[in-house]
Amino acid sequence: SAANRFTILSGGSVGIGTTAPLALLHLKGGTATGEKSHILFENTAGAKKFAIGGGGSGVTNNGLGFRNVTDNTLPMIIDDGGRVGVNQTPLVNNFAFQVTGKQPNGTDARVVYLKGAGTATSIGSTGPTLALQNTNTTVNNIVKLSFESASSGETVSLNAINTNHSSHYGDFAINTRGSLGYSEKMRVMADGHVGIGTTSPAAQLEVYKST
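Mapping the sequence shown onto the working numbering, position 155 (from 1) lands on 165, and the numbers just tick up by one.
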């Protein structure tokens, strides 16, 4: 009822829309018009509005949405599976972090900008601007940078193959996809040997073709 819209328990928990808050601050939306489960931010002129909250169009019941109330778009969604979508709804059972490059007017934009703060002038002494790591600590684990087609899936990948942790460390493999399928085309071994058409070159440069 109208008398129970705001509750403060003796322990300090605050409930808005509920008489039994389950956290320090508990917000609960209702079914009536205007009763939304979100927090609204608005400038003094009322021209810019932004909301943070769960539920609603484009957000699953247990998800969290960051909504531009002015045009009702969702710049970012965190779904109930922990997947994050920026300028897009997260794809279920796909990538954990998904971004679509899009400017406010809807036109194409660069997607991610990474800038390292290192001042070193040699590759070996500077920190990584971008680090990719596999959580697998056994030998032969692979870390992949993949290039994909929206209609056909993976087309090219750059792969670090950690073959031996004591002496060999890692190989670098390039895979491409053609009419005969997806396969490795070139490998640079940790010892400096380069192979084209072979995964284990025995010379500084080895080119192999079955015919």
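Every residue, glycine too, gets a C-beta built ideally from N, C-alpha and C.
Beta-carbon proximity of LEU215 to VAL204, cut-off 8 Å = yes
By Cβ distance below 6 Å, which residues in the same chain neighbour THR136 in space, the five residues on each side in sequence not counted?
-> GLY128, ALA130
Cβ separation of GLY180 and ALA170, assumed to be a contact under 8 Å, to the nearest whole Å | 5 Å
Per DSSP, cross-strand counterpart(s) of GLN108 | GLY95
Identify whether GLY134 lies in helix, strand or coil by the three-state DSSP scheme.
-> helix
Run the CB neighbour count on THR43, radius 10 Å, all protein chains shown included, and call it buried at 16 or more, exposed below.
-> Reliability fails at THR43, whose pLDDT of 49 lies under 50, so the model's placement of it is uncertain and the value that follows must be treated cautiously. Classification of THR43: exposed, given that the 10 Å Cβ count is below 16.
Taking DSSP as the reference, what is the three-state secondary structure of ALA1?
-> Missing from the structure shown is residue 1; the chain here goes from 11 to 221 and no further.
Measure the C-alpha to C-alpha separation of ILE206 and SER189 and round it to an integer number of angstroms.
-> 18 Å
What are the start and end residues of the beta strand (DSSP E) that includes ALA61?
-> 59-63
Own chain residues within Cβ distance below 8 Å of LEU34, not counting five before or after | GLY22, SER23, VAL24
Sorted by chain position, which residues of the same chain lie with C-beta nearer than 6 Å to GLY95's C-beta, five sequence neighbours on each side aside?
-> ILE87, GLN108
Within the same chain, show all residues whose beta-carbon is closer than 6 Å to that of ALA144, passing over the 5 residues directly before and after it, in chain order.
-> Going by the sequence as given, residue 144 is Asn instead of Ala. Excluding sequence neighbours, ASN144 sits near ASN151, VAL153.
Check the DSSP bridge columns for TYR192 and list the partner residues they point to.
-> ARG187
How many whole angstroms separate the CB atoms of THR28 and HIS36, which I take to be in contact at a CB cut-off of 8 Å?
-> 6 Å
If you draw a straight line from the C-alpha of ASP81 to the C-alpha of ILE49, how long is it?
-> 17 Å
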